[in-house]
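Take a look at the structure below.
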Amino acid sequence: MPYELHESPPTVDRFLELRDAAGMSERSREAVERGLPNSDYAVTVVDGTGETVGMARVVGDGGSVFHVCDMVVHPDHQGQGLGSRMMDALMDWIDGTAPPKAYVNLLADVDGFYEQWGFERTAPASRGMYYRVEE
1 MPYELHESPP TVDRFLELRD AAGMSERSRE AVERGLPNSD YAVTVVDGTG ETVGMARVVG
61 DGGSVFHVCD MVVHPDHQGQ GLGSRMMDAL MDWIDGTAPP KAYVNLLADV DGFYEQWGFE
121 RTAPASRGMY YRVEE
């Protein structure tokens with residue numbers, strides 16, 4: 001099946017559907033409606049039927065901090081190299097946009113994938129932490 005990479009975020013509905021299909025943590029509709037338009041850069045992968053089957057984006061302050069997030073390929077389309085295509089696009093954009101010494105981070109739930117783009121574990125030098133706002 002042919003796939004096309006688009007430089008745009010998914011719809012709010014598809015964002016929520018893709019995260020759910022991949023077993024990722026839930027986001028509220030309000031959070032996604034606010035957040036997607038504030039993406040610094042976003043890509044989607046669309047299959048031959050026009051359905052969005054993958055997404056990834058970069059958020060941050062546009063200068064010193066960039067965060068790669070919401071990287072997901074629908075389980076029915078995994079194993080086709082789509083995640084790599086999206087990461088290549090994100091890293092091309094970061095390399096062409098971020099000034100020297102900018103900090104690019106991500107939270108990974110897969111081993112051995114992001115290292116090919118130069119990402120390194122932060123531990124033990126630092127620890128990733130999070131806080132989730134409750135309803």
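Residue numbers for the sequence shown follow UniProt numbering, so the first one is 1 and each next one is one higher.
In this text, a Cβ means the ideal position worked out from N, Cα and C, and glycines have one as well.
Owing to the predicted nature of the structure, the values given are computational and were not obtained by experimental measurement.
Between the alpha carbons of Leu107 and Gly50 lies a distance of about 29 Å. Separation of Ala125 and Asn105 (C-alpha to C-alpha, rounded to the nearest whole angstrom) is 14 Å. By alpha-carbon distance to Ala21, the top candidate from His74, Arg57, Arg34 is His74. By the Cβ neighbour-count rule, Gly83 is buried, with 16 or more other Cβ atoms within 10 Å of its own.
In this structure, the CA atom of Arg85 is about 18 Å from the CA atom of Val59. Boundaries of the beta strand (DSSP E) harbouring Val53: 52 to 60, taken from the DSSP string.
Going by DSSP, Glu30 is part of no beta strand (DSSP E) but of the alpha helix (DSSP H) stretching over 29 to 35.
Where Asp20 is concerned, there is no enclosing beta strand (DSSP E), although the alpha helix (DSSP H) around it starts and stops at 12 to 21.
In this structure, the alpha-carbon of Tyr103 lies about 11 Å from that of Gly62.
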